[in-house]
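Colleague: If you scroll down you'll find the structure; I have some questions about it.
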Amino acid sequence: MKISKRYKRLKANPSLHLHYENQFDGFEVYTDRGPLIREFLDQLYDTTERALDQYSRVFAARFDLRFPQIDPFFCRDYDSNKFISTFFETLKRLIKRDRELAGLERRVHQTDVRYVWAREVGRSGKPHYLNRPQYSRHSPDSGNDAFRTRPVTG
Numbered sequence: 001m002k003i004s005k006r007y008k009r010l011k012a013n014p015s016l017h018l019h020y021e022n023q024f025d026g027f028e029v030y031t032d033r034g035p036l037i038r039e040f041l042d043q044l045y046d047t048t049e050r051a052l053d054q055y056s057r058v059f060a061a062r063f064d065l066r067f068p069q070i071d072p073f074f075c076r077d078y079d080s081n082k083f084i085s086t087f088f089e090t091l092k093r094l095i096k097r098d099r100e101l102a103g104l105e106r107r108v109h110q111t112d113v114r115y116v117w118a119r120e121v122g123r124s125g126k127p128h129y130l131n132r133p134q135y136s137r138h139s140p141d142s143g144n145d146a147f148r149t150r151p152v153t154g
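In C-alpha cells form, the structure reads like this:
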C-alpha cells in the first residue's frame with residue numbers, strides 16, 4: 001500500500017507530520033519551499049482563532065529574525081530561546097507604551113499580544129526565527145484573512 005505524502009512524518013522528529021497541500025482547513029498556505037508541519041499549522045490556526053474570538057479586528061505581522069554573520073564563539077547561544085523571548089518582551093513593552101500614549105488623547109482598549117514562532121536553520125547553516133504576532137489594531141483585515149501569510153487588503 002502506497003503511503004500518501006499527506007501522512008508522512010518529519011524524520012528529525014517523528015511526532016510531527018508533514019503537510020504538502022496548498023490548503024489547510026480552508027486557508028491558502030504556501031508550500032513552494034517544501035512541506036509545512038501540521039502541528040505548527042494547528043497552533044497558528046488556534047492562536048488566530050483565539051485572537052478573533054477576543055477582538056473584532058486583528059492585525060497580523062510576520063517577522064524573520066536573522067542572526068548576523070559573526071565569529072562562531074559568539075554563536076553559542078543560537079540554540080537558546082533567549083533571543084526570541086527578548087524580542088517578544090520588547091515588542092510587548094513597545095505596544096503597551098503605544099497604547100498608554102494613545103490613551104492620553106482618547107479612550108483605548110487593552111491589547112493582548114499573541115504570537116507563534118519557529119526556529120529554522122537556513123541555507124547559511126545559521127538559525128533564524130519565524131513568527132506571527134497578532135494584536136488588535138484598527139485594520140481593514142479581519143476574519144479569515146488574518147490567517148493568510150501575505151498582506152491582504154480589505
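Its first residue numbered 1, the sequence shown is counted upward by one per residue in full-length UniProt numbering.
Positions of the beta carbon are idealized from the N, C-alpha and C atoms, including for glycine.
Out of Ile-37, Asp-25 and Thr-31, which one is the CA nearest neighbour of Ala-12?
Modeller: The sequence position of residue 12 within the sequence shown is 12, counting from 1. Nearest option by C-alpha distance: Ile-37.
Colleague: Would Thr-47 and Val-108 qualify as a contact pair, given that the criterion is a beta-carbon distance under 8 angstroms?
Modeller: Position 47 of the sequence shown, counted from the start, is the residue given in the question as residue 47. Position 108 of the sequence shown, counted from the start, is the residue given in the question as residue 108. It is not a contact, given that the beta carbons lie outside the stated cut-off.
Colleague: Are residue 158 and Lys-92 close, meaning C-beta to C-beta below 8 angstroms?
Modeller: The requested residue 158 is not part of the displayed model; the chain covers only 1 to 154.
Colleague: What are the partner residues of Gln-23, as DSSP defines its beta bridges?
Modeller: The sequence position of residue 23 within the sequence shown is 23, counting from 1. Gln-23 pairs with Glu-28.
Colleague: Considering only heavy atoms of the ligand ZN, does any lie closer than 7 angstroms to the CB of Arg-50?
Modeller: What this structure holds is no ligand at all, so the ligand ZN is not there to describe.
Colleague: Just the Cα atoms here: how many angstroms apart are Pro-35 and Tyr-45?
Modeller: Within the sequence shown, numbered from 1, the residue matching residue 35 stands at position 35. Within the sequence shown, numbered from 1, the residue matching residue 45 stands at position 45. Cα-Cα distance, rounded: 17 angstroms.
Colleague: If you compare alpha carbons, which of Leu-41, Glu-89 and Glu-21 is closest to Asp-32?
Modeller: Position 32 of the sequence shown, counted from the first residue, corresponds to residue 32. The option with the nearest alpha carbon to Asp-32 is Glu-21.
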